[in-house]
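There are 2 protein chains.
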Amino acid sequence: MSERRDTNLLPKCEANYAPLTPLRFLERAASVHGDRVSVIYGELSYTWAQTFERCRRLASAVSRLASAGDTISVVAPNCPAIYEMHFGVPMAGVVLNTMNIRIDANALSVLFSHCETKAVFVDLEYLPLVHKALQIWLSSSQPPGKRPHIVVIEDRCISSGTGSMMSSKKKYLAGWGELVEYEELLQNGDPQFVIQWPADEWDTISLNYTSGTTSQPKGVLYNHRGTYLMSLIAIIMEMNENSVFLWTLPMFHCNGWCYTWGVAALAGTNIIMRSVDVKLMYELIAKHKVTTFCAVPTVLNMIVNAEQHIKKPLPGRVTVVTSGATPPPSVIIQMEQEGFSIVHVYGLTEAHGALLVCDWKPEWDDLPVQTQAHLKARQGVLHVGLQAVAVLNPSTMEPVLSDGVTVGEIMAKGSTIMKGYLKDKEATRRAFEGGWFHTGDLAVVHPDGYIEIKDRSKDIIISGGENISSIEVESVLHQHPDIFEAAVVARPDPFWGETPCAFVKLKETGNTITRESLIAYCREHLPRFAAPKTVIFCDLPKTATGKIQKNVLRERAKALDPGAQQSSKL
Amino acid sequence: MSERRDTNLLPKCEANYAPLTPLRFLERAASVHGDRVSVIYGELSYTWAQTFERCRRLASAVSRLASAGDTISVVAPNCPAIYEMHFGVPMAGVVLNTMNIRIDANALSVLFSHCETKAVFVDLEYLPLVHKALQIWLSSSQPPGKRPHIVVIEDRCISSGTGSMMSSKKKYLAGWGELVEYEELLQNGDPQFVIQWPADEWDTISLNYTSGTTSQPKGVLYNHRGTYLMSLIAIIMEMNENSVFLWTLPMFHCNGWCYTWGVAALAGTNIIMRSVDVKLMYELIAKHKVTTFCAVPTVLNMIVNAEQHIKKPLPGRVTVVTSGATPPPSVIIQMEQEGFSIVHVYGLTEAHGALLVCDWKPEWDDLPVQTQAHLKARQGVLHVGLQAVAVLNPSTMEPVLSDGVTVGEIMAKGSTIMKGYLKDKEATRRAFEGGWFHTGDLAVVHPDGYIEIKDRSKDIIISGGENISSIEVESVLHQHPDIFEAAVVARPDPFWGETPCAFVKLKETGNTITRESLIAYCREHLPRFAAPKTVIFCDLPKTATGKIQKNVLRERAKALDPGAQQSSKL
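Shown next as structure tokens:
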């Protein structure tokens, strides 16, 4: 037995154990492919050598604004600066907090306070919002000495020089001593800054708030190990050497599902878009030979419904990773007819992005298109970076039957699960109860082992004791030729408890569509109890990432005039 | 500062920290792609579900032969059993020791003794060898009670049933009580065996002896973390979903450069070949639509020189990962002309396989073929799994100039470097001195950062104070149209210290080639001092992996009749 101890006690040393960190990807890309284009944004373009230098300058500046272990926030849409911050901020040992740009000043002030941010990097367009948020925060609690620094990111592609910037400065921030512009900050940074590599791969690299209620902010912490692994998994799932990645997905969303770092691992090219614009997407895809982009189903819907004249031929295989909601099979079919290759993944902030991937099986190639789309609309199976995923009965923690019918909660374990919630040991404990991360998503397991989500726990509609999956009702509505998009939520009902209420945006087809005709259409394709009892025609409210805000719709459904109630016994 | 501690002290738990291990790849492949073909060997074929079941049965049997932390050896060419052992042995917590099948009984006995193997799995063909080795070992030291178990692997594709097996048993192992056949062992194994997952990712998974001298065996230990990471890196470098991997590379060589586990990570298909046979290779590539194989340059040379009638059209893109020696540019050119895509990597046992990869740059596509081949013959740059690679002056540990001329030693650090040498703390300390793993390979760094090996420290020829790279001389010889293969070593010389001595195997072209004409040819293409002074026509001795045995040639050169010495002042 002595030799066994001998082998296992060979100690880790600097030569054979390095803390895993995605920051190394940038160092390698710069040293190996320094001349290759790293970032393209409008007329701007950088090489990996330049991006590395800019990130080191940034890290040096960050180290003057905050100490190791502090947090720095960014409020910005996609732009080169937020990309660089994914490397430059943790290269100073500081935690990167990317904020959702669609939240309001009150919510923002709560989050700034919660993470005790030491500096806010803000895109010029969002300066008024941030200024207001900071005022709310500072007027309430913050002692004057602890005011965060402000760094303004001026978008050099949409503004015409520093004139607009200077006037904004005056307008919103009179008397704020620390205001500085991002490019100035970099100019004063040290390109030879000594990078603060993580001493432990468990160290926090970033902080992402989930879109929960702001009264109890859920700050999801990522560590270097998890993000390193997730970056590799992301590229194994979807990308190859020489990938050109189009940033339609906001980087503030789960650090761009870790593709921020993943593109650097491949020394690929980032094509950055400030916001989603289908016409520009087609132009950029053609111009830069884009190979990959990520988008929520709503964006796919915009693509398939775009006017023909803005569509351009694809330059080659374009892989689209879709997640964030269940894509309607009809949208998958249309996207593939347009020539895109759809990869459906399911994930959530706590999983660094993807948790499940709908791995394609070659034997499905010969099935009818409609069947293929339904198979692909399932969330799928665990990716290779996880230890286990299961659909469990949350009371017994036993797996549900793989019968495609029995509903349980998706749970997972592995090194690409978050480190925990910031300052919330109780929520962390609950999230990890029983040694599994509880996703809160309800799903079935099909006989072939593929998982299909039925709903978020809170999105399920319970009507007369029947569980109705809002996703299934939406899927039927999406097949209607006159519907652009639809969302279904529960409406309180004195008799049934809840009934399905559909919010629908129609296409401009000129056809006459009535509430009654849609309800009749649903009754043809669904069990009678699952067909909506209420239909409302309107635009659908969305989050910054393009997800439909069901919480807003639920409030609207709750506030509907009870006189309009169509409840009746069947 | 309190919140920083708070974030970093969020403890690891079962939900968010799993020891990395490549064994999970098999579990996932079986659960996700259980019906997909895992292994094809002649007429035999298994699915991932079957392979998983067989490995669990094997693990259950192994757990009866050895305790956790013990070592079990295998002496076998490529076959399904050795593939299964890569999962089944560590699934019992036991270390897998894959032996080189070309070493002799004396050497084998030293290694069995060194690792105190608890069981030897042996292919029937190698049973006489193993029996002899065990007898040597047991006659010297081993107390009778500690005799290792023997498991005989009968190759079901080359033998016609158990008859031959039984007679061998009688012939070689009369009285050896524990003899059992591999398939019997599996039949008696438990398909529901509870897998012994590693408690710590630093735990040893395998033991690979390097082809050093056997008086001081160097047993390279791999851990679960390093092999997990290397498997992902290997597939990022060369493979995609649905890869079909042809096993020309012996699995006993660095665990098949971690492709053993990597193919499972992709749920790809293993096409197993017992030994290299170019005709069969072409047949298998066409029949199974092979996408990837690994081969040393000697095998590439066999492919390009194969008779035309055995070559078949390739079924699609076939990527060939070559390593183990520097491929002559002429061989690269011919392989690519045949339609193969060559990826050149450089590695060694201590690095789990690859250390450097010659990443291709798109801008090289337009260069002349000859230039392209020379660029690709360079060893390249660090892969994304490593922390750092550098060419250092071993005395000062300073990096050499990136001038393509100054020679230093390749050193590396990162989590895909071995855990250490078994029972050799001093060799481990030396290998990791200064926080770097010392490869012992001498190289230059080109101005573009790409590393090119000049020689193993021991292969360099020092003649009249000039360093001669044996690789450069060989590269010139390989361009000669009548040469099949060549190796150059140092020959002791009273005047020059050493002179280059070339061992050459000619093609059967019918041309008359003399020693003198070859020396004259070399003088045309090399500095005068670097041209061989001795040329010997013969077959070249090779290791099991097809590497030319320069140590054998050095002995031959040393033993040459001094009268044949062609040394003279220039």
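Protein chains in written order, with our numbering: chain H, -18 to 551; chain U, -18 to 551. Note that CB positions come from ideal geometry on N, CA and C, so glycine has one too.
Review point. Closer than 8 Å, CB to CB, is S396 of chain H near chain U or not?
Key: Counted from its first residue, the first sequence places residue 396 of chain H at position 415. Nearest CB-CB separation between S396 of chain H and chain U: below the 8 Å threshold.
Check your understanding: So with Cβ pairs under 8 Å, would you call Q289 of chain H a contact of chain U?
Key -> As a position in the first sequence, residue 289 of chain H is number 308, starting the count at 1. With a threshold of 8 Å between beta carbons, Q289 of chain H makes no contact with chain U.
Check your understanding: Among U:N189, U:T185 and U:K539, which residue has its Cα nearest to the Cα of Y209 of chain U?
Key -> Taking the second sequence and counting its residues from 1, the one referred to as residue 209 of chain U is at position 228. Nearest in C-alpha terms to Y209 of chain U, of all of U:N189, U:T185 and U:K539, is U:T185.
**Study point:** Residues bridged to K523 of chain U [DSSP beta-bridge criterion]
**Key:** For the purposes of this step, residue 523 of chain U is taken as residue 542 along the second sequence, with counting starting at 1. Answer by DSSP bridge pairing, in chain order: U:I529.
Point to revise | Proximity below 8 Å, CB of V326 of chain U to CB of V338 of chain U | key: Within the second sequence, residue 326 of chain U is the residue found at index 345, counting from 1. Within the second sequence, residue 338 of chain U is the residue found at index 357, counting from 1. Yes; because the gap between Cβ atoms is below 8 Å, this pair is in contact.
Review point. So with Cβ pairs under 8 Å, would you call C339 of chain H a contact of chain U?
Key: In the first sequence, residue 339 of chain H corresponds to position 358, counting from 1. Not an interface residue.
Point to revise | Residue nearest to K268 of chain U in terms of C-alpha spacing, selected from U:T250, U:L(-9) and U:V350 | key: By one-based count along the second sequence, residue 268 of chain U stands at place 287. K268 of chain U has its Cα closest to that of U:T250, out of U:T250, U:L(-9) and U:V350.
Check your understanding: Anyone know if the C-beta pair for V111 of chain H and V70 of chain H falls short of 8 Å?
Key -> As a position in the first sequence, residue 111 of chain H is number 130, starting the count at 1. As a position in the first sequence, residue 70 of chain H is number 89, starting the count at 1. Between V111 of chain H and V70 of chain H, the gap from beta carbon to beta carbon reaches 8 Å or more.
Review point. T303 of chain H by DSSP, collapsed to three states: which one?
Key: Mapped onto the first sequence, residue 303 of chain H falls at position 322. In the structure shown, T303 of chain H sits in a strand (DSSP, three-state: E or B).
Practice item. Flag A246 of chain H as yes if its beta-carbon sits less than 8 Å from any beta-carbon of chain U, otherwise no. Key: Locating residue 246 of chain H in the first sequence gives position 265, counting from the first residue. So yes, A246 of chain H belongs to the interface.
Exercise for review: With 8 Å as the threshold, decide whether the Cβ of I323 of chain U is near any Cβ in chain H.
Suggested key: Here residue 323 of chain U refers to the residue found at position 342 when the second sequence is read from its first residue. No, I323 of chain U does not count as interfacial toward chain H.
Practice item. With DSSP collapsed to three states, give me the class of R137 of chain H. Key: Here residue 137 of chain H refers to the residue found at position 156 when the first sequence is read from its first residue. R137 of chain H: coil per DSSP, three-state reduction.
Practice item. Give the DSSP-derived three-state secondary structure of P555 of chain H in the structure shown. Key: Chain H is shown from -18 up to 551; residue 555 of chain H falls before or after that span and cannot be answered.
Practice item. Tell me, please, whether the stretch 266 to 285 of chain H touches the stretch 30 to 38 of chain H by the rule of three or more beta-carbon pairs shorter than 8 Å. Key: No, because fewer than three Cβ pairs between the stretch 266 to 285 of chain H and the stretch 30 to 38 of chain H fall closer than 8 Å, the two stretches do not touch.
Check your understanding: DSSP state of T143 of chain U, grouped into three classes?
Key -> As a position in the second sequence, residue 143 of chain U is number 162, starting the count at 1. Confidence in T143 of chain U is poor, its pLDDT being 47 and thus under 50, which makes the residue's placement unreliable; the coordinate value appears in the next sentence. Coil at T143 of chain U, not helix or strand.
Practice item. With DSSP collapsed to three states, give me the class of R(-15) of chain H. Key: The count along the first sequence starts at 1 and reaches residue -15 of chain H at position 4. Because the pLDDT of R(-15) of chain H is 45, which lies under 50, any placement of that residue in the model is unreliable, and the number read from its coordinates should be weighed accordingly. Shown here, R(-15) of chain H sits in a helix according to DSSP, grouped into three states.
Exercise for review: Tell me whether Y431 of chain H sits in a helix, a strand or coil according to DSSP, three-state version.
Suggested key: Here residue 431 of chain H is taken as the residue at index 450 of the first sequence, counted from 1. Coil.
Practice item. Please list, in chain order, all residues of the same chain as S256 of chain H whose beta carbon is under 7 Å from its beta carbon, the five residues on each side excluded. Key: The residue given as residue 256 of chain H occupies position 275 in the first sequence. P58.
Check your understanding: Is DSSP giving T52 of chain H helix, strand or coil here?
Key -> Indexing the first sequence from 1 puts residue 52 of chain H at position 71. Correct three-state label for T52 of chain H: strand.
Check your understanding: Excluding the five sequence neighbours on either side, which residues of its own chain have a C-beta within less than 8 Å of the C-beta of S141 of chain H, listed in chain order?
Key -> Reading the first sequence from its first residue, position 160 is the one you call residue 141 of chain H. The predicted model places S141 of chain H with a pLDDT of 49, which falls under 50 and marks its position as unreliable; any figure quoted below should be read in that light. So no residue of the chain qualifies.
Exercise for review: Leaving out five residues on either side along the sequence, give the residues of the same chain with a beta carbon under 6 Å from the beta carbon of F321 of chain U.
Suggested key: Indexing the second sequence from 1 puts residue 321 of chain U at position 340. Excluding sequence neighbours, F321 of chain U sits near V299 and V301.
Practice item. Indicate whether Y502 of chain H and H461 of chain H have their beta-carbon atoms separated by less than 8 Å. Key: Here residue 502 of chain H is taken as the residue at index 521 of the first sequence, counted from 1. Here residue 461 of chain H is taken as the residue at index 480 of the first sequence, counted from 1. For Y502 of chain H and H461 of chain H, yes; Cβs fall inside 8 Å.
Check your understanding: Rounded to whole angstroms, how far is the Cβ of M218 of chain H from the Cβ of H364 of chain H, which I believe are closer than 8 Å?
Key -> Here residue 218 of chain H corresponds to residue number 237 of the first sequence, with the count starting at 1. Here residue 364 of chain H corresponds to residue number 383 of the first sequence, with the count starting at 1. Yes, M218 of chain H and H364 of chain H are in contact; Cβ-Cβ is about 6 Å, under 8 Å.
Practice item. Select from H:Y64, H:L507 and H:L403 the residue whose C-alpha is nearest the C-alpha of L227 of chain H. Key: Numbered from its first residue, the first sequence carries residue 227 of chain H at position 246. Relative to L227 of chain H, the option among H:Y64, H:L507 and H:L403 whose CA is nearest is H:Y64.
Practice item. Mark K199 of chain U as exposed unless 16 or more other C-beta atoms lie within 10 angstroms of its C-beta, in which case mark it buried. Key: As a position in the second sequence, residue 199 of chain U is number 218, starting the count at 1. Classification of K199 of chain U: buried, given that the 10 Å Cβ count is 16 or more.
Exercise for review: Identify the continuous alpha helix (DSSP H) that holds L499 of chain U and give its terminal residues.
Suggested key: One-based indexing of the second sequence puts residue 499 of chain U at position 518. Residue range R496 to H506 is occupied by the alpha helix (DSSP H) that includes L499 of chain U.
Review point. Pick from H:K113, H:P0, H:P309 and H:S94: whose alpha carbon is nearest that of E453 of chain H?
Key: Looking up residue 453 of chain H in the first sequence gives position 472. The shortest Cα separation from E453 of chain H among H:K113, H:P0, H:P309 and H:S94 belongs to H:P309.
Check your understanding: Under 8 Å between C-beta atoms, does I391 of chain U make it to chain H?
Key -> Your numbering for residue 391 of chain U matches position 410 in the second sequence. Not a single C-beta of chain H is nearer than 8 Å to the C-beta of I391 of chain U.
Point to revise | Rounded distance between the beta-carbons of Y203 of chain U and M399 of chain U, thought under 8 Å | key: On the second sequence, residue 399 of chain U is found 418 positions in, with the first residue counted as 1. On the second sequence, residue 203 of chain U is found 222 positions in, with the first residue counted as 1. About 6 Å; that satisfies the 8 Å criterion.
Review point. What residue range is occupied by the uninterrupted alpha helix (DSSP H) comprising I252 of chain U?
Key: The residue given as residue 252 of chain U occupies position 271 in the second sequence. Membership of I252 of chain U in any alpha helix (DSSP H) is not indicated; the residue belongs instead to the beta strand (DSSP E) covering T250 to I253.
**Study point:** Distance between beta carbons of C519 of chain U and K486 of chain U, contact taken as under 8 Å
**Key:** Reading the second sequence from its first residue, position 505 is the one you call residue 486 of chain U. Reading the second sequence from its first residue, position 538 is the one you call residue 519 of chain U. Between C519 of chain U and K486 of chain U the Cβ distance is about 7 Å, and since that is below 8 Å, they are a contact.
Check your understanding: CB A553 of chain U to CB W238 of chain U, shorter than 8 Å?
Key -> No answer is possible for residue 553 of chain U: the residues shown for chain U start at -18 and end at 551.
Exercise for review: Please check if any C-beta of chain H sits within less than 8 Å of the C-beta of W417 of chain U.
Suggested key: Start at 1 with the first residue of the second sequence, and residue 417 of chain U comes out as number 436. It does; some Cβ of chain H falls within 8 Å.
Exercise for review: With 9 Å as the limit, tell me which residues of the stretch 345 to 372 of chain H have their beta carbon closer than that to any beta carbon of chain U; keep them in chain order.
Suggested key: From the stretch 345 to 372 of chain H, only G361, V362, L363, H364, V365, G366, L367, Q368 and A369 have a Cβ closer than 9 Å to chain U.
**Study point:** Minimum Cβ-Cβ distance from K400 of chain U to chain H less than 8 Å
**Key:** Position 419 of the second sequence, counting from 1, holds the residue named residue 400 of chain U. With 8 Å as the cut-off, K400 of chain U counts as an interface residue toward chain H.
Review point. For a contact meaning CB atoms closer than 8 Å, what does F6 of chain U contact in chain H?
Key: For this step, residue 6 of chain U is matched to residue 25 along the second sequence. The answer, in chain order, is V365.
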